[in-house]
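Comments concern the structure below.
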Amino acid sequence: MSRSGALLLALACFAGCGDEGGGSPAKTCVAGKQVECACPGGGLGVKACRADGLGYDACVGCGGGGGSGGSSGSGGSSGSGGSGGSSGSGGGSGGKRSGPVVLDGSSLSDDQGRFNALGATMMWAAWGYKHDKARLEQNLAFLAQHGFHYVRALGVVGDYSANDYWDGREIDWHWPDYDQVIAGLTDLAYDQYGLRIEWTLIGDGQKNLPNPADRQALVDRFVAMSQGREHKIIHFELANEAWQNGFGGAQGESELRALTQYLNGKTNILVAASAPDPSVCSATQALYAGGIADLATLHFDRDVGQVDGHWRPVWQPWWVHGCAGIPVASNNEPIGPGASVSSENGVLELVTGAVASYVSGLPLHVFHSSAGVRGDQNLWEMSGADAFSALPSYVPGDLASWARRDPKASDAPLRFYAEEGGQAKPDVMWPELSAPESGVVAAPGSVSGKSFLVLPLGILNQAQMEARAALSLEVVDVVTGQVVAQHELAAGQKLSLGGAGARVLRGTLK
């Protein structure tokens with residue numbers, strides 16, 4: 002069977018195979034399949050079959066007026082964006098966000114204002130543009146319909162002369178049409194689907210681009226391509242995990258820093274160097290010293306073998322706010338379904354991870370999955386890929402620019418307790434106890450004026466908390482965005498929280 006025939010059969014089976022007697026609704030389309038649709042203002046767009054195969058999402062790629070950029074509500078009512086406003090993916094023409102992406106405080110901003118950027122790994126995208134555009138577009142359409150703002154794509158990857166992991170998916174800067182491929186992908190993603198691109202220029206640089214002169218020439222090609230497309234690129238990153246992709250050791254890091262500074266001097270697009278090894282404060286400070294970049298792309302610890310288990314990777318971005326002298330950061334390759342080292346398939350943990358990035362002061366979060374690396378699977382097959390859409394309804398668009406509040410600090414709006422032996426211990430997280438009975442793993446929070454947002458996560462049985470000052474709050478379901486409870490608390494008044502492994506607490510100090 003041909004590759005295309007096998008792919009169609011696999012997609013059809015994904016959408017319709019299974020237990021005939023299970024009583025599930027009959028599927029009406031193949032998950033991810035695109036068809037033409039009529040745009041509200043005239044003309045044609047595309048719509049993609051939902052992951053459940055039960056119908057199509059809304060029409061995208063229209064040139065007429067689209068969704069608004071989200072409200073700038075004052076908070077309080079269900080679905081409002083708090084004092085910072087919504088980070089909705091809608092915005093300019095056709096519902097896409099428009100204008101160049103810049104830093105505004107610790108937030109990203111464009112023509113629609115500040116927003117929390119949600120990305121997805123699609124390292125294979127340039128290969129897909131050249132060799133499998135139909136499936137590339139199916140995946141882009143899926144992302145556009147599920148709240149994503151950008152994709153992370155590699156500029157080069159793979160060994161062009163020997164067998165390696167990337168066989169059959171190499172992205173080769175020697176292609177005669179290479180410049181057309183990187184420009185075409187940038188245009189396709191943004192013009193048709195409203196998705197910007199994070200271009201990570203170099204993967205496997207030790208194999209396919211070992212010569213420093215060739216590396217600088219590649220930078221020049223991307224700079225040339227980006228001219229007139231600045232609004233379509235969310236940021237550049239020089240290399241993926243540079244320490245193991247051609248920039249190892251002190252000499253390699255020095256070359257990376259120089260090349261990053263060279264690129265940063267040639268463009269107004271935001272620029273990052275790479276993720277340091279390890280992604281800890283001291284290594285990040287060393288790599289990014291001297292203001293060489295606008296952003297720091299971090300790959301946080303994915304260890305789930307500690308006492309806090311699968312909640313540990315979720316709260317790792319919290320250390321960034323206390324790390325002096327580094328640029329605004331991105332959670333660029335977090336744990337996800339099929340990820341290397343450790344994997345995460347829990348929908349609640351995956352969505353909470355994005356909120357944890359934003360509340361920790363990181364305005365960019367990437368959904369990372371095995372499907373996003375080589376593209377051997379489709380993104381809609383990945384657990385949680387369709388679960389992020391509610392985020393803009395309750396996460397303020399400028400949350401990354403709020404002031405951080407450690408839950409144990411006296412100026413935090415809420416105090417949390419952990420229980421052991423029937424006794425509630427204040428300002429203690431349950432992993433600190435030898436025999437915990439209740440509590441939270443972490444509760445990162447941020448405040449802006451009288452508004453606050455706190456993210457208790459890793460809730461064990463229930464979490465007891467206490468208002469440090471008089472306040473009102475809403476308890477929000479992390480995945481659905483629904484307000485499940487509302488409370489008015491006096492200073493010193495306590496409340497028990499449960500019903501899920503994580504909640505968002507959004508409120509106002511009186």
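Position one of the sequence shown corresponds to residue 2 (the working numbering), numbered consecutively onward. Built from N, CA and C at the ideal position, the CB exists for glycine as well. Predicted, not measured: the structure shown is a model, and the values here were computed from it.
> Closest to His1 by CA distance: which of Ala401, Ala126, Gly493 is it?
Replying inline: Residue 1 lies beyond the stretch modelled for the chain, which goes from 2 to 511, so this question has no answer here.
> Which one or two residues does DSSP pair with Thr268 in a beta bridge?
Replying inline: Within the sequence shown, numbered from 1, the residue matching residue 268 stands at position 267. In DSSP, Thr268 forms no bridge with anything.
> Do you know how far the Cα of Leu363 is from the Cα of Ser449?
Replying inline: Walking along the sequence shown from the start, residue 449 turns up at place 448. Walking along the sequence shown from the start, residue 363 turns up at place 362. Near 16 Å, if we compare the C-alpha coordinates of Leu363 and Ser449.
>> Just verifying my parser: in three-state terms, what is the DSSP assignment at Ala273?
In response: As a first step, residue 273 is located in the sequence shown; it is residue number 272 there, counting from the start. Note: Ala273 maps to strand in three-state DSSP.
>> Does Ser1 come out as helix, strand or coil in the three-state DSSP assignment?
In response: Residue 1 lies beyond the range of the chain shown here (2 to 511); nothing can be said about it.
> Where Tyr289 and Thr298 are concerned, what is the direct C-alpha to C-alpha distance, given to the nearest angstrom?
Replying inline: Counting from one through the sequence shown, the residue named residue 289 turns up at place 288. Counting from one through the sequence shown, the residue named residue 298 turns up at place 297. Tyr289 and Thr298: Cα-Cα distance of roughly 10 Å.
>> I need the straight-line Cα distance from Ser108 to Val321, nearest angstrom please.
In response: On the sequence shown, position 107 is the one that residue 108 refers to. On the sequence shown, position 320 is the one that residue 321 refers to. So the two alpha carbons sit approximately 14 Å from each other.
> Going by other Cβ atoms of all chains shown within 10 Å of its Cβ, with 16 needed for buried, is Ser497 buried or exposed?
Replying inline: Your numbering for residue 497 matches position 496 in the sequence shown. By the Cβ neighbour-count rule, Ser497 is exposed, with fewer than 16 other Cβ atoms within 10 Å of its own.
> When DSSP labels each residue in this structure, what does Met124 get in the three-state scheme?
Replying inline: As a working note, residue 124 is residue 123 in the sequence shown. If DSSP states are grouped into helix, strand and coil, Met124 belongs with coil.
> Cβ atoms of Phe417 and Met466: under 8 Å apart, would you say?
Replying inline: Taking the sequence shown and counting its residues from 1, one reaches residue 466 at position 465. Taking the sequence shown and counting its residues from 1, one reaches residue 417 at position 416. Yes; because the gap between Cβ atoms is below 8 Å, this pair is in contact.
>> Distance check for Tyr194 and Lys97, CA to CA, integer angstroms please.
In response: Counted from its first residue, the sequence shown places residue 97 at position 96. Counted from its first residue, the sequence shown places residue 194 at position 193. Going by the C-alpha atoms only, they are around 8 Å apart.
>> Assuming contact is defined by CB atoms lying nearer than 8 Å, are Leu144 and Leu196 in contact in what I supplied?
In response: Residue mapping note: residue 144 aligns to position 143 of the sequence shown, counting from 1. Residue mapping note: residue 196 aligns to position 195 of the sequence shown, counting from 1. Closer than 8 Å, so yes.
>> Whether or not the region 365-381 and the region 119-131 are in contact is what I'm after, with contact meaning three or more pairs of Cβ atoms, one per stretch, closer than 8 Å; do they touch?
In response: Taking 8 Å as the limit for Cβ pairs, the verdict is that the region 365-381 does touch the region 119-131.
> Fully enclosed by the region 300-370, which beta strand (DSSP E) runs are 3 residues long or longer?
Replying inline: 329-332, 365-368
> Pro414 to Gln424, Cα distance in whole Å?
Replying inline: Here the question's residue 414 lines up with position 413 in the sequence shown. Here the question's residue 424 lines up with position 423 in the sequence shown. C-alpha separation (whole angstroms): 22 Å.
> Near Leu474, what residues of its chain come up, given a Cβ to Cβ distance below 6 Å and the 5 sequence neighbours on each side ignored?
Replying inline: Walking along the sequence shown from the start, residue 474 turns up at place 473. For Leu474, where only same-chain residues beyond five positions count, the Cβ hits under 6 Å are His488, Leu506, Gly508.
> Can you list, in chain order, the residues of its chain whose CB lies under 6 Å from that of Trp167, leaving out five sequence neighbours each side?
Replying inline: As a working mapping, residue 167 is identified with position 166 in the sequence shown. These residues qualify, in order along the chain: Val158, Gly159.
> Going by C-alpha distance, which of Ile183, Phe368, Ala470 is nearest Gly493?
Replying inline: Taking the sequence shown and counting its residues from 1, the one referred to as residue 493 is at position 492. Relative to Gly493, the option among Ile183, Phe368, Ala470 whose CA is nearest is Ala470.
>> With distance defined between alpha-carbon atoms, name the residue in Ser283, Lys233, Arg230, Ala214 nearest to Leu257.
In response: Along the sequence shown, read from residue 1 onward, the residue named residue 257 stands at position 256. Of the listed residues, the one whose Cα sits closest to Leu257 is Ala214.
>> Here's the rule: buried if 16 or more other CB atoms are within 10 angstroms of the residue's CB, otherwise exposed. What is His525?
In response: Lying outside 2 to 511, the shown extent of the chain, residue 525 is not represented and no answer is given.
>> Using only CA atoms, which one of Gly347, Val305, Pro277 lies nearest to Asn332?
In response: Here the question's residue 332 lines up with position 331 in the sequence shown. If we check each option's Cα against that of Asn332, Pro277 comes out closest.
> DSSP state of Glu138, grouped into three classes?
Replying inline: Translated into the one-based positions of the sequence shown, residue 138 becomes position 137. Glu138 falls in the helix class under three-state DSSP.
>> What does the Cβ neighbour count give for Ala142, buried or exposed, with the cut at 16 atoms within 10 Å?
In response: As a working mapping, residue 142 is identified with position 141 in the sequence shown. The residue is buried, with at least 16 neighbouring Cβ atoms inside 10 Å.
>> Taking the alpha helix (DSSP H) that Val480 belongs to, which residues open and close that run?
In response: Against the sequence shown, residue 480 aligns to sequence position 479. Run containing Val480: none; DSSP gives neither H nor E here.
> Taking the C-alpha atoms as reference points, what is the distance between Tyr191 and Ala410?
Replying inline: Your numbering for residue 191 matches position 190 in the sequence shown. Your numbering for residue 410 matches position 409 in the sequence shown. Between Tyr191 and Ala410, the C-alpha separation is close to 43 Å.
> Are Pro335 and Gly148 touching if we call contact CB-CB under 8 Å?
Replying inline: As a working note, residue 335 is residue 334 in the sequence shown. As a working note, residue 148 is residue 147 in the sequence shown. For Pro335 and Gly148, no; Cβs fall outside 8 Å.
>> What does DSSP give as the partner residue(s) for His488 in the beta ladder?
In response: Taking the sequence shown and counting its residues from 1, the one referred to as residue 488 is at position 487. Paired residue(s): Leu474.
>> Tell me the rounded alpha-carbon separation between Leu537 and Val348.
In response: There is no way to answer for residue 537, as the model of the chain reaches only from 2 to 511.
> Taking the beta strand (DSSP E) that Gly114 falls in, what are its first and last residues?
Replying inline: Here residue 114 refers to the residue found at position 113 of the sequence shown. Gly114 -> beta strand (DSSP E) spans 114-116.
>> Rounding to the nearest angstrom, what Cα-Cα distance links Ala118 and Gly446 in this structure?
In response: Locating residue 118 in the sequence shown gives position 117, where the first residue counts as 1. Locating residue 446 in the sequence shown gives position 445, where the first residue counts as 1. The straight-line gap from Cα to Cα measures roughly 19 Å.
> Near Phe301, what residues of its chain come up, given a Cβ to Cβ distance below 7 Å and the 5 sequence neighbours on each side ignored?
Replying inline: Within the sequence shown, the letter at position 300 stands for residue 301. Result list for Phe301: Ser280, Pro314, Gln317, Pro318, Asn332, Pro335, in chain order.
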